[in-house]
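Counting from 18, one number per residue, gives the positions in the sequence shown under my numbering.
Backbone N, C-alpha and C fix where the C-beta goes; we use that ideal spot for every residue, glycine too.
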Amino acid sequence: MEYIALPVNTVPVEVGDKVPPIYRWLSAQEPGSVTVELPSLFSLNILSDNISAPLLAYRQYFQVYHWQPTVMGYSGFYPPLFWHTARYSLRFPSEVSVNYLRGLGVRYVLVHSDDLSPSQWARWQVQLTNLEPLLRPLGHVGETWIYELSPAVREKERLTLKVRCPEEAKPGETYYVYLVFENPSAASHVDLDRRSYRVHYTWQWGRESVEEEIGGKLPSVMNPGQTVIPVALPPLPSEKAQLTLTVESSDLSATAEQVVQLSADAVPPSFDTPFFTYGADFPPLRLTHAAFWHDDVYQAGETIEVTLFWQRIGSLGDRDVTSYVHLIDAQGEKASQHGGFSDSPTGWQIGETGIDRHLLDIPFDAPPGDYTLVAGVYERDTQKHLGKTTTLRKIVVEQPGNLPDVITHPQKTKLGDAIYFLGYDLSAEPCTAGERVKLTLYWQANAPVHEDYTVFTHLSASDGSFIAQEDGPPRDGHHPTSQWRVGEVVIDQHVWSIPEDTLPGWYQPAIGMYELSTGERLPVYDENGVPVEGSLVLLAPVEVRAAE
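This is the structure:
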């Protein structure tokens, strides 16, 4: 018998006919239908965010009512792919996460919309629609929406391996050969245990030769298409040499022969997947390459997957270092970030290449335009940066064509000559006295806007007094109206702090715009083009309840 004594709170759970009907539906499906329920966690800090561990346990409890295999669960033991799956599930819904789930053999994705806010669920619906036919909607049972993934990797669609050996090498520089893994499936290839590889190579020139063997680890996840792994060999030993090598990795192997000669003009080979070569030093590490599973155009809300390849060129000592990738907008502001080596460099040998995968979420409300991806390394304790931040690549972010579908309170009103108010979301309905409420406004310009206007948001009592308000330029000044593109939907968030002593009742929200230097409001017109008195847009009344 096993037991544990912990000072934890207990909560009642449903039994018998009170069990959510989605689990009875699931129990009636074909046995062995791998399932994932989302959201299953809200951060990677599952033991300290006060919601993820209880939610995982709650989901796990109901497995006894259907007994279908699942890819997420929680106990005192973390399965080998637990943290991989956690990271990818936090990126759902995105093409990257869907391909990963398909690689795990998942058949059904259950989306619990009642665990999302109305605005979150509206955004998920837009992204889920854009993922068809990879993700096929089957309907819903209660507040749980059912999606079926297209079939996962078939046995005949196995990985293949080839080796690319450049014909030229730069004098005195590391010579790279490239392991090219081809995944012919439309699903990611996911290994429960990470594969290793060994490269046995021989340089021969004249009567001399050098024979060595090196190895390393492959990523656990290989996306559809090409995965390129650079392998560092010593500099070319002479003006011209014959390279012979053999690569072995589990059930895969490849051989190659190449005559290589020195050339100051040597260039790296090109590949089907976006793959870049660098030479940026962050002593004791060197960034040598980066791979992207995407071209340079993304949609807001998508996930950018970046794989960095680092070579250890010196001793780390007792330093705790971490890598980072930042997404920088046209104004030089950080729009998204991801940090932390996926493999600790303390385990790398000097000269060895380490693989470091990052997943960056492009904010759903990111303005369309040009962005830059940069990478670097810093010491965790001192925050001291090692070397200079390196530009990885430029990308373009576009908005989803069905973006207006996310608006939970659509409402079309014109302000001035060029700006339309499309509607809004509230983070809480009804609101509670003492809480902070997020008001998300949706704007669109149908012509160039030449002035920078300030947005006002008011929540008023029946006597006209404000109980909450916030004024400011759109997106806290990071995307002023003069920079709006024609047709762009601008997602603009404001926060109301509802006073704790607010009396229960109904209150009137209103919004609008004005010119800061004069205080003059932009005129407001209704759908018929009639001017609105007060030059403000009235939203639906909001109920405020007393704090518990």
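Quick check on the DSSP output: the alpha helix (DSSP H) that includes residue i runs from which residue to which?
i      : result
LEU118 : 112–120
ARG76  : 69–78
In this structure, what does DSSP give as the bridge partners for residue i?
i      : result
TYR315 : VAL414
LEU61  : Answer is none; LEU61 lacks a bridge partner.
ARG124 : The partner list for ARG124 (beta bridge, DSSP) is empty, contrary to what the question assumes.
HIS511 : LEU456
TRP327 : LEU304 and GLY371
ARG538 : TYR531
Work out the CA separation of residue j and residue i for me, nearest whole Å.
i      : j      : result
GLY433 : GLU452 : 33 Å
ALA70  : ALA204 : 29 Å
SER202 : PRO241 : 6 Å
LYS173 : ASP210 : Note that LYS173 scores 44 on pLDDT, short of 50, meaning its location in the model is unreliable; the coordinates nonetheless yield the value given after this. Distance between the alpha carbons of LYS173 and ASP210: 20 Å.
ASP398 : ASP335 : 11 Å
ARG538 : PHE381 : 29 Å
ARG171 : SER361 : Reliability of the predicted coordinates at ARG171 is poor, the pLDDT of 49 falling under 50, and no value is obtained from them.
TRP138 : PHE358 : 32 Å
TYR105 : TYR117 : 7 Å
ARG181 : PHE288 : 10 Å
SER332 : PRO150 : 49 Å
TYR441 : LEU304 : 44 Å
GLY364 : HIS402 : 21 Å
ILE424 : VAL342 : 31 Å
TYR40  : VAL554 : 45 Å
TRP513 : GLU487 : 7 Å
PRO38  : PRO154 : 18 Å
ALA297 : ALA283 : 18 Å
PRO56  : ASN419 : 23 Å
GLU190 : LEU250 : 9 Å
GLU396 : ALA103 : 26 Å
ASP2   : GLY393 : Lying before the first or after the last residue shown, residue 2 is absent from the chain, which here runs from 18 to 565.
Quick check on residue i: does DSSP put it in helix, strand or coil?
i      : result
ASP34  : helix
THR102 : helix
ASP442 : strand
ALA564 : coil
VAL284 : coil
SER136 : helix
LEU235 : coil
ASP387 : strand
ASP493 : helix
VAL180 : strand
VAL8   : This structure gives no information on residue 8, because the portion of the chain shown stretches from 18 to 565.
GLU172 : Since pLDDT at GLU172 reaches only 46, below the 50 mark, its modelled position is unreliable, and no value is offered.
TYR218 : strand
ASP131 : helix
ARG153 : strand
VAL88  : coil
ASP210 : coil
ASP518 : coil
GLN144 : helix
ILE39  : helix
Beta strand (DSSP E) containing residue i: first to last residue?
i      : result
PRO465 : First-last for PRO465: undefined, no H or E at that position.
LEU553 : Looking at the DSSP string, LEU553 is not in any beta strand (DSSP E), and its letter there is neither H nor E.
TYR531 : 522–531
PRO427 : 426–432
TYR164 : 161–166
SER353 : 351–356
VAL277 : 269–279
LYS257 : 257–266
GLN243 : 242–250
ILE345 : 338–345
PHE292 : 292–299
TYR192 : 192–200
Given 7 Å as the limit, tell me if residue i has its C-beta closer than that to any heavy atom belonging to the ligand MN.
i      : result
LEU443 : Inclusion of the ligand MN in the displayed structure is not the case, the ligand content being empty and no account of it being possible.
Exposed or buried, which one is residue i when buried takes at least 16 other CB atoms within 10 Å?
i      : result
ASP312 : exposed
ASP378 : buried
VAL216 : buried
TRP141 : buried
ALA462 : buried
PRO526 : buried
ASP493 : exposed
GLY529 : buried
GLY233 : buried
THR324 : buried
ARG567 : Since the first and last residues shown for the chain are 18 and 565, residue 567 lies out of range.
HIS495 : exposed
PRO427 : exposed
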